[in-house]
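Take any residue in the first sequence, count from 1 to its spot, add 1: that is its number in this note's numbering. Structure first, commentary second.
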Amino acid sequence: MEVVVEGRRGIRGVIAEIRGDKVRMVRFVRGRLPKSTEGAVSKVERKLGERLRKDLSRFLSGKVVDFSAYKVGAETGTVFQRKVWKVMRRIPYGSTRSYGWIAKKIGKPGAARAVGNACGSNPLPIIQPCHRVVASGGKLGGFSGGLPLKRKLLALEGIAL
DNA sequence: ACTGATACGTTCT
DNA sequence: AGAACGTATCAGT
2 MEVVVEGRRG IRGVIAEIRG DKVRMVRFVR GRLPKSTEGA VSKVERKLGE RLRKDLSRFL
62 SGKVVDFSAY KVGAETGTVF QRKVWKVMRR IPYGSTRSYG WIAKKIGKPG AARAVGNACG
122 SNPLPIIQPC HRVVASGGKL GGFSGGLPLK RKLLALEGIA L
């Protein structure tokens with residue numbers, strides 16, 4: 002089931018894909034918003050979809066939302082990437098951590114650059130908040146969806162970089 | 001504050 | 001095996 006949420010302030014919208022009781026993928030919308038597809042889905046799935054739609058909508062309007070309780074599909078990514086994503090999910094709303102900080106956290110100091118790669122292949126932006134991972138020394142770092150988007154996401158959480 | 005050089009770990013090709 | 005990367009640090013300017 003696909004959940005489509007309209008955004009504001011320069012973020013067009015977000016699409017999330019749900020399968021069973023897990024969120025499988027999230028991506029930002031570029032062009033026009035497609036329609037939400039449901040088809041024949043189970044009750045749990047419909048329910049999860051509704052909850053996620055609300056949470057994403059709240060997040061996109063600048064509300065404080067905690068996504069850490071959502072179950073996510075764990076079938077993708079290498080061992081290293083999954084470690085990075087796991088730590089990433091625990092970065093609280095409104096705060097940031099550096100690539101190097103995550104590297105240390107997973108027992109691989111010196112792998113800061115590799116952490117950057119892993120962030121870039123995050124299949125679940127917002128839910129796994131890769132935008133909260135920044136460079137050391139108060140610098141913004143990179144973003145595969147484009148730096149302006151990273152700035153907007155951080156701005157939603159009250160962080161100006 | 002910015003530039004270049006160098007070391008670094010993981011993932012592509 | 002080599003190159004590419006969403007980095008970090010340090011020495012210059």
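Note that beta-carbon positions come from the ideal geometry of N, C-alpha and C, so glycine has one too.
Return the chain-ordered list of same chain residues with a C-beta closer than 8 Å to the C-beta of residue i, the five sequence neighbours on each side being excluded.
i   : result
V30 : V5, G8, R13, G14, V15 and I16
Do residue i and residue j have their CB atoms nearer than 7 Å?
i    : j    : result
S145 : G101 : no
P124 : M2   : no
S69  : R90  : yes
K23  : G74  : yes
A104 : V88  : no
L157 : G63  : yes
A119 : V85  : yes
L154 : H132 : yes
G95  : G159 : yes
Do you know offhand how far residue i's Cα is from residue j's?
i    : j   : result
G50  : P93 : 23 Å
I127 : S43 : 25 Å
E39  : K48 : 12 Å
In chain order, what residues of the same chain lie with their CB nearer than 6 Å to the CB of residue i, ignoring the 5 residues before and after it?
i    : result
G142 : V135 and A136
Would you mind sorting residue i into buried or exposed? The rule is 16 or more other CB atoms within 10 Å of its CB.
i    : result
K151 : buried
Under 7 Å Cβ to Cβ from residue i, same chain only, skipping five residues before and after it: list those, please.
i    : result
E46  : M2, I19 and G21
D56  : V66 and F68
K106 : V88
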